[in-house]
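Chains G and H are the protein sequences, given in the same order. So for the first sequence, the working numbering puts the first residue at -16; every next one is plus one. So for the second sequence, the working numbering puts the first residue at -16; every next one is plus one. In what follows, a single structure is set out as structure tokens and then discussed.
Protein chains: 2
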Amino acid sequence: MGMSLRQRRRLQTARDIQMAAVTVALRDGFDQMTTEAIATEAGISTRTFFNYYNNKQAAILGEAVRLDVAGAGWFASSEGALTDDLARLMGQGLKDNPLDRAVLRKIISVIDANPALQDLFRTKVDETSLSLATLLDARLGPDMASETRLLAELATHALTEAVMIWAMDDAMTLDDITPLISAKLRNVGKILMQGDARV
Amino acid sequence: MGMSLRQRRRLQTARDIQMAAVTVALRDGFDQMTTEAIATEAGISTRTFFNYYNNKQAAILGEAVRLDVAGAGWFASSEGALTDDLARLMGQGLKDNPLDRAVLRKIISVIDANPALQDLFRTKVDETSLSLATLLDARLGPDMASETRLLAELATHALTEAVMIWAMDDAMTLDDITPLISAKLRNVGKILMQGDARV
DNA sequence: GCAGAAACTTGCATACTATGCAATGTTTAC
DNA sequence: GTAAACATTGCATAGTATGCAAGTTTCTGC
């Protein structure tokens, strides 16, 4: 019931290309990096490169964290604090989408050196935001539709920050991410209410 | 003290190109749109097009709203509700960067038809976020550094949503945007605190 | 006003990105 | 074992983007 040979090869090639892209980006700089260089490094033709990724950027950023919307029915009806539930939801998402710390660090290096990639990274992360908005809609009801999107983006940004911190800190485990997100969200909530008597 | 002839022409050409880009995008579809078509529509050479914009996307999205960081000293030391002050700050930014409702509507049409542009639009908006983060740092102090960025992004997203609503609703004035942003932020704050006893 | 500096437009050359198509080879399913 | 599905590749081609140099317009200081 494991993957077929074809599927395993495809996945492996996709990873090889990503590694090659990151390697070349760190070596030559992102702006100087050509698809030809990536293909050569990965041992494939440039044509094959485009069979796997639509462009260079996509090759460097991997797959986005995908939330298991189906398995998150509990979220809509939970009575817990929203910040905690959001954090739990995303913490679960991370466990379902294992990240390689070493690869992530390299990716972060490339992003740090190329601000233009930051946008693409956020865009990638915001794919998560979409499924989250659906879940929030279910929990908060239609009255809050306009705030739902803001909240979803806020939560995914918090997730991104937390993942970055985790990637850089060997002492952290994946389990430490959930409370970190929770704390971040709660702090933002507190700050937002600062000086506001209308709570 | 007015702009020189050169400056006025440059600005006008930049606007002409943007109009041309939007027109062509609506006519041919963004994916089918070529730089050559834009240049022809704008009455310039393709080479000149690239003297004004780095790429097609940039030609469609105009300049980002720029906050007047220098003139916002009041923000750091204000005692008012943070949500209100943020809204006021961004409302002021809008007045300093007058938007053309008709053009904005066309841009929104193009974006709606091309999800890929949504990311770029947000990226554009997030340029505002950077200056905002600086101001928030000054107000909240170094302890809150990690939440500052989240807050800045949240606020700029709220700004974007409010501007979209304004663009679509002729009955709204620019002055209506400030309280709208304020309300959105306050609601997000409330929702974040939902079920949280630790306030 | 006029001369020279600075800026703008353009064509041309060139490197790179990205896609379609067709040929060939590999894996899968029955 | 065979046919269908899928993967890799080369080739052709359209489009993106930049550097450079030549020609023109605008600006600056006198």
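Cβ atoms here follow ideal geometry from the backbone N, Cα and C, with glycine treated the same way. Since the structure is predicted, the reported quantities are computational estimates derived from the model, not experimental observations.
**Study point:** Alpha-carbon spacing of G/Arg49 relative to G/Leu82, whole angstroms
**Key:** Taking the first residue of the first sequence as 1, we reach residue 49 of chain G at position 66. Taking the first residue of the first sequence as 1, we reach residue 82 of chain G at position 99. Looking at the two C-alpha atoms, the distance is approximately 12 Å.
Practice item. Please confirm if H/Ile174 has its CB atom under 8 Å from at least one CB of chain G. Key: Here residue 174 of chain H corresponds to residue number 191 of the second sequence, with the count starting at 1. Interface residue, yes.
Exercise for review: Could I get the ranges of all uninterrupted beta strand (DSSP E) runs contained in the region 28 to 109 of chain G, with 3 residues as the minimum, in chain order?
Suggested key: none
Review point. Given a threshold of 16 other Cβ atoms within 10 Å of its Cβ, counted over all protein chains shown, does G/Arg122 qualify as buried or as exposed?
Key: Within the first sequence, numbered from 1, the residue matching residue 122 of chain G stands at position 139. Buried, because 16 or more other Cβ atoms sit within 10 Å of the Cβ of G/Arg122.
Review point. When we look at the beta-carbon of H/Gly178 and count the other beta-carbons within 10 Å, is it buried (16 or more) or exposed?
Key: Along the second sequence, read from residue 1 onward, the residue named residue 178 of chain H stands at position 195. Exposed, because fewer than 16 other Cβ atoms sit within 10 Å of the Cβ of H/Gly178.
Exercise for review: Count the CB pairs spanning the region 163 to 171 of chain G and the region -2 to 11 of chain H that are closer than 8 Å, and state whether there are at least three.
Suggested key: no
**Study point:** CB of G/Leu87 within 8 Å of CB of G/Ala150, strictly
**Key:** The residue labelled residue 87 of chain G in the question sits at position 104 within the first sequence. The residue labelled residue 150 of chain G in the question sits at position 167 within the first sequence. Going by C-beta atoms, G/Leu87 is nearer than 8 Å to G/Ala150.
Review point. So G/Thr111 and G/Ala47 are in contact, right, with Cβ under 8 Å, and what is the actual spacing, rounded?
Key: Locating residue 111 of chain G in the first sequence gives position 128, where the first residue counts as 1. Locating residue 47 of chain G in the first sequence gives position 64, where the first residue counts as 1. With a Cβ gap of about 6 Å, G/Thr111 and G/Ala47 count as contacting.
Exercise for review: May I have the straight-line CA-CA distance separating H/Ile148 from G/Ser(-13), to the nearest angstrom?
Suggested key: Within the second sequence, the letter at position 165 stands for residue 148 of chain H. Within the first sequence, the letter at position 4 stands for residue -13 of chain G. Cα to Cα, H/Ile148 sits roughly 50 Å from G/Ser(-13).
Point to revise | chain H contact residues for G/Ser129, given Cβ-Cβ distances below 9 Å | key: Here residue 129 of chain G refers to the residue found at position 146 when the first sequence is read from its first residue. Per Cβ cutoff of 9 Å: Glu144, Ile148, Lys167, Asn170.
Check your understanding: Over what stretch of residues does the alpha helix (DSSP H) that includes H/Ala141 continue unbroken?
Key -> For the purposes of this step, residue 141 of chain H is taken as residue 158 along the second sequence, with counting starting at 1. H/Ala141 -> alpha helix (DSSP H) spans 128 to 151.
Review point. For the 8 Å Cβ check, are there 3 or more pairs between the region 126 to 141 of chain H and the region 132 to 147 of chain G?
Key: yes
Practice item. State yes or no: is the beta carbon of G/Leu72 nearer than 8 Å to at least one beta carbon in chain H? Key: By 1-based counting over the first sequence, the position of residue 72 of chain G is 89. Not an interface residue.
Review point. If you follow the alpha helix (DSSP H) that H/Leu157 is part of, which residue opens it and which one closes it?
Key: As a position in the second sequence, residue 157 of chain H is number 174, starting the count at 1. Neither: H/Leu157 is in no alpha helix (DSSP H) and is coded neither H nor E.
Point to revise | Burial state of G/Glu19 (16 or more Cβ within 10 Å) | key: Locating residue 19 of chain G in the first sequence gives position 36, counting from the first residue. By the 10 Å Cβ count, G/Glu19 comes out exposed.
Check your understanding: Who are the Cβ neighbours of H/Leu103 in its own chain at under 7 Å, not counting the five residues just before and after it?
Key -> Within the second sequence, the letter at position 120 stands for residue 103 of chain H. Cβ within range, chain order: Gln40, Leu44.
Review point. Can you check whether the CB of G/Gly26 is closer than 8 Å to the CB of G/Asp51?
Key: One-based indexing of the first sequence puts residue 51 of chain G at position 68. One-based indexing of the first sequence puts residue 26 of chain G at position 43. Contact flag unset, no.
Exercise for review: State the DSSP-derived secondary structure class of G/Gln(-5), mapped to helix, strand or coil.
Suggested key: Position 12 of the first sequence, counting from 1, holds the residue named residue -5 of chain G. Residue state, collapsed to three classes: helix.
Exercise for review: Quick one: grab the DSSP three-state call for H/Ser218.
Suggested key: The structure shown has nothing for residue 218 of chain H, since chain H only spans -16 to 182.
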